[in-house]
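Participant:
Protein chains: 2
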Amino acid sequence: MAISEAEAVVMDVLWREAPRTAEEILAEVGPAQGWQEGTVKSLLNRLLKKKAVQAERDGRRYLYTPLLAREQYVQQESKGLLDRLFGGRVAPLVAHFSEQRKLSKKDIAELRKLLKELDDEQH
Amino acid sequence: MAISEAEAVVMDVLWREAPRTAEEILAEVGPAQGWQEGTVKSLLNRLLKKKAVQAERDGRRYLYTPLLAREQYVQQESKGLLDRLFGGRVAPLVAHFSEQRKLSKKDIAELRKLLKELDDEQH
DNA sequence: AATCCATGTTTACATGCGTAATTGTTCGCG
DNA sequence: CGCGAACAATTACGCATGTAAACATGGATT
């Protein structure tokens with residue numbers, strides 16, 4: 000089962016730092032998302048069921064730790080989009096952003112550097 | 000309201016060629032997706048409700064045409080992913096694929112070309 | 001011990017989605 | 001003109017999601 004968007008928000012907190020208690024998570028996302036305690040608890044439970052996080056008892060509360068690595072999640076999500084919209088190829092995606100003028104100077108510089116590195120590896 | 004994945008499959012057919020009848024759409028996606036007639040009709044109706052397609056009567060059936068441009072859809076989807084996963088910046092996304100060794104030779108060549116063009120535009 | 005508080009667990013409920021069966025409508029044909 | 005076929009529109013239904021209220025439970029407090 001896939002991780003939903005709301006669930007991903009919670010994962011994000013845990014990816015930044017773990018383990019964390021439900022309370023800490025609420026403190027971090029509640030205000031921004033307008034979520035109550037119950038909401039965060041539910042999301043955590045769904046994530047538990049999906050084996051995306053792990054809970055370890057600590058006195059009367061639990062400490063939550065991600066089991067799913069962020070890298071894995073990012074991988075799935077971006078591959079999905081790439082396959083659905085760009086025939087699985089990266090260049091068309093970048094071209095798309097380029098056409099939309101969504102490449103910042105920094106992006107361009109970094110891309111250049113990246114290509115250069117690939118070049119060098121190629122000895 | 001956003002366009003769901005199943006709905007996007009239908010849109011894809013219409014983006015390839017429009018207008019089309021429900022029957023033609025079914026013929027094109029039914030086998031691959033394992034969808035019946037009713038399924039396609041429902042999806043078309045939901046797309047109508049979302050103003051993503053338009054239906055024009057043609058005798059006893061309808062001809063469906065996209066109202067939402069593919070470009071627009073791609074834009075929304077990819078911006079969403081970029082924002083959620085890569086802080087809205089393109090270079091990190093490409094770096095991600097690079098690390099995963101998902102850049103084909105062709106990708107690299109095209110990226111190089113793209114950067115070169117950007118360079119040239121820059122007078 | 002009875003109570004309260006902090007936490008987690010269960011249940012709820014509206015909405016959207018995937019998938020389709022059912023029902024309604026309009027032509028063309030006998 | 002009435003009927004059946006071809007379409008479309010409506011309704012259905014189970015499951016996921018977003019959001020949360022209600023309930024349970026195990027210490028801490030009086």
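Going line by line, the protein sequences match chains D and P. Mapping of the first sequence onto numbering that gives the first Met the number 0: position 98 corresponds to residue 97, and the numbering continues sequentially without gaps. Mapping of the second sequence onto numbering that gives the first Met the number 0: position 76 corresponds to residue 75, and the numbering continues sequentially without gaps. No residue lacks a Cβ here, since even glycine has one placed at the ideal position from N, Cα and C. Here the structure is a predicted model, which is why all the values come from computation and not from measurement.
Let me see if you follow: with CB-CB separation under 8 Å, is D:Q74 close to chain P or not?
Facilitator: Sequence index remark: in the first sequence, residue 74 of chain D carries index 75 (1-based). By this cut-off, D:Q74 is an interface position.
Participant: Using a Cβ cut-off of 7 Å, pull out every chain D residue sitting near P:K101, in sequence order please.
Facilitator: Start at 1 with the first residue of the second sequence, and residue 101 of chain P comes out as number 102. Per Cβ cutoff of 7 Å: V89.
Participant: Rounded to the nearest angstrom, what separates P:V28 and P:T38 at their Cα positions?
Facilitator: In the second sequence, counting from the first residue as 1, residue 28 of chain P sits at position 29. In the second sequence, counting from the first residue as 1, residue 38 of chain P sits at position 39. Cα-Cα distance, rounded: 11 Å.
Participant: Buried or exposed: which applies to D:D119, given that a residue is buried once 16 or more other Cβ atoms fall within 10 Å of its Cβ?
Facilitator: Residue numbering aside, residue 119 of chain D sits at position 120 when the first sequence is read from its first letter. Counting Cβ neighbours within 10 Å, D:D119 comes out exposed, since fewer than 16 surround it.
Participant: Per DSSP, what kind of secondary structure is P:R56 in: helix, strand or coil?
Facilitator: Residue 56 of chain P sits at position 57 when you count from the first residue of the second sequence. Of the three classes helix, strand and coil, the one that applies to P:R56 here is strand, per DSSP.
Participant: Please say whether D:L117 and P:S97 have beta carbons closer to each other than 8 Å?
Facilitator: Here the question's residue 97 of chain P lines up with position 98 in the second sequence. Here the question's residue 117 of chain D lines up with position 118 in the first sequence. Yes, the Cβ-Cβ distance between P:S97 and D:L117 is below 8 Å.
Participant: Check the C-beta distance from D:V73 over to P:V89 and give it rounded, since I have them as a contact under 8 Å.
Facilitator: Within the first sequence, residue 73 of chain D is the residue found at index 74, counting from 1. Within the second sequence, residue 89 of chain P is the residue found at index 90, counting from 1. About 14 Å separates the two Cβ atoms, so there is no contact after all.
Participant: Which residues in chain D have a C-beta closer than 7 Å to the C-beta of P:L84? List them in chain order.
Facilitator: Within the second sequence, numbered from 1, the residue matching residue 84 of chain P stands at position 85. Correct list: V73, E76, S77.
Participant: So, is P:P30 buried or exposed, given that buried needs 16 or more other C-beta atoms within 10 angstroms?
Facilitator: Taking the second sequence and counting its residues from 1, the one referred to as residue 30 of chain P is at position 31. P:P30 should be labelled exposed.
Participant: Alpha carbons only, please: which of D:L66, D:Q32, D:D82, D:R60 is nearest the one belonging to D:L47?
Facilitator: For the purposes of this step, residue 47 of chain D is taken as residue 48 along the first sequence, with counting starting at 1. Out of D:L66, D:Q32, D:D82, D:R60, D:L66 has the C-alpha closest to the C-alpha of D:L47.
Participant: Strictly below 8 Å CB to CB, what residues from chain D border P:L67?
Facilitator: Translated into the one-based positions of the second sequence, residue 67 of chain P becomes position 68. Within 8 Å Cβ-Cβ: nothing; P:L67 doesn't reach chain D, min ~14 Å.
Participant: The alpha helix (DSSP H) that contains D:E23, what's its start and end?
Facilitator: Counted from its first residue, the first sequence places residue 23 of chain D at position 24. 21-32 is the span of the alpha helix (DSSP H), which, as asked, contains D:E23.
Participant: When you compare the CB of D:E93 with every CB in chain P, is at least one pair closer than 8 Å?
Facilitator: Numbered from its first residue, the first sequence carries residue 93 of chain D at position 94. Here residue 93 of chain D is Val; the residue named in the question, Glu, does not match the sequence. Yes, because at least one Cβ of chain P sits closer than 8 Å to the Cβ of D:V93.
Participant: Just to confirm, is the Cβ distance from P:E16 to P:L25 under 8 Å?
Facilitator: Within the second sequence, the letter at position 17 stands for residue 16 of chain P. Within the second sequence, the letter at position 26 stands for residue 25 of chain P. Contact flag unset, no.
Participant: Within 10 angstroms of the Cβ of P:D57, are there 16 or more other Cβ atoms? Answer buried if so, exposed if not.
Facilitator: As a position in the second sequence, residue 57 of chain P is number 58, starting the count at 1. P:D57 comes out exposed.
Participant: D:Q71 and D:T64 - do their beta-carbons sit closer together than 8 Å?
Facilitator: Working through the first sequence from its first residue, we reach residue 64 of chain D at position 65. Working through the first sequence from its first residue, we reach residue 71 of chain D at position 72. No, these two residues do not count as a Cβ contact at 8 Å.
Participant: Sort out for me which residues DSSP pairs D:T64 with in a bridge.
Facilitator: Position 65 of the first sequence, counting from 1, holds the residue named residue 64 of chain D. D:T64 pairs with D:Q53.
Participant: For the alpha helix (DSSP H) that P:I2 lies in, which residues bound it at each end?
Facilitator: Here residue 2 of chain P refers to the residue found at position 3 of the second sequence. Neither: P:I2 is in no alpha helix (DSSP H) and is coded neither H nor E.
Participant: Tell me whether P:S103 sits in a helix, a strand or coil according to DSSP, three-state version.
Facilitator: Position 104 of the second sequence, counted from the first residue, corresponds to residue 103 of chain P. Three-state DSSP puts P:S103 in coil, outside helix and strand.
Participant: Quick check on DSSP: helix, strand or coil for P:R88?
Facilitator: The residue given as residue 88 of chain P occupies position 89 in the second sequence. Coil, per DSSP.
Participant: Taking C-beta to C-beta, are D:L125 and D:E6 nearer than 8 Å?
Facilitator: As displayed, chain D neither begins before 0 nor continues past 122, which places residue 125 of chain D out of reach and without an answer.
Participant: Taking all protein chains shown into account, do 16 or more other C-beta atoms lie within 10 angstroms of the C-beta of P:R19, making it buried, or fewer, making it exposed?
Facilitator: The residue given as residue 19 of chain P occupies position 20 in the second sequence. Buried: at least 16 other Cβ atoms inside 10 Å.
Participant: So which residues of chain D does P:R111 contact, with C-beta pairs closer than 8 Å?
Facilitator: By 1-based counting over the second sequence, the position of residue 111 of chain P is 112. Those within 8 Å of P:R111 in chain D are L114.
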